[in-house]
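**Q** In our numbering, the protein residues as written are 657 to 725.
Glycine is no exception: its CB is placed at the ideal position from the N, C-alpha and C atoms.
What you are looking at is a predicted structure, and each value in this text was computed from that prediction instead of being measured.
One structure coming up, written as structure tokens, with questions to follow.
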Amino acid sequence: RVLLADDHTLVRRGVRLILDGEPDLTVVAEAGDGAEAVAAARATEVDLAVLDVAMPRMTGLQAARELSR
Numbered sequence: 657r658v659l660l661a662d663d664h665t666l667v668r669r670g671v672r673l674i675l676d677g678e679p680d681l682t683v684v685a686e687a688g689d690g691a692e693a694v695a696a697a698r699a700t701e702v703d704l705a706v707l708d709v710a711m712p713r714m715t716g717l718q719a720a721r722e723l724s725r
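In structure tokens form, the structure reads like this:
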């Protein structure tokens, strides 16, 4: 169960296409920034978060730090 977060919709779609091609990976949530990613991870059971490092409101690094708590 994968959470995918990137502020660029086209990048997010492209990464999702790649991940959807893997039989053992399922994208269960998407987010446009780090704050949305944290909220989505708390609302959905997630095993892996793929986070863009530079996103508005909250970066991927900040989101990863928050998710690890």
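Within 10 angstroms of the Cβ of L707, are there 16 or more other Cβ atoms? Answer buried if so, exposed if not.
**A** Buried, since its Cβ has 16 or more Cβ neighbours within 10 Å.
**Q** Quick one: what's E686 bridged to in DSSP?
**A** E686 pairs with L660.
**Q** Where does V702 fall in DSSP's three states?
**A** If DSSP states are grouped into helix, strand and coil, V702 belongs with coil.
**Q** Would you mind working out which of D689, G690, A719, L673 sits nearest T682, comparing C-alpha positions?
**A** Measuring from the Cα of T682, the nearest candidate turns out to be L673.
**Q** Which residue comes first and which comes last in the alpha helix (DSSP H) that contains D676?
**A** Run containing D676: 665-676, per the alpha helix (DSSP H) assignment.
**Q** Cα separation between E692 and G677?
**A** E692 and G677: Cα-Cα distance of roughly 25 Å.
**Q** Which residues in the same chain as A696 place their Cβ atom closer than 7 Å to its Cβ, once the five residues preceding and following it in sequence are excluded?
**A** Counting only Cβ-Cβ distances below 7 Å, and skipping sequence neighbours, we find L659, A685, A687.
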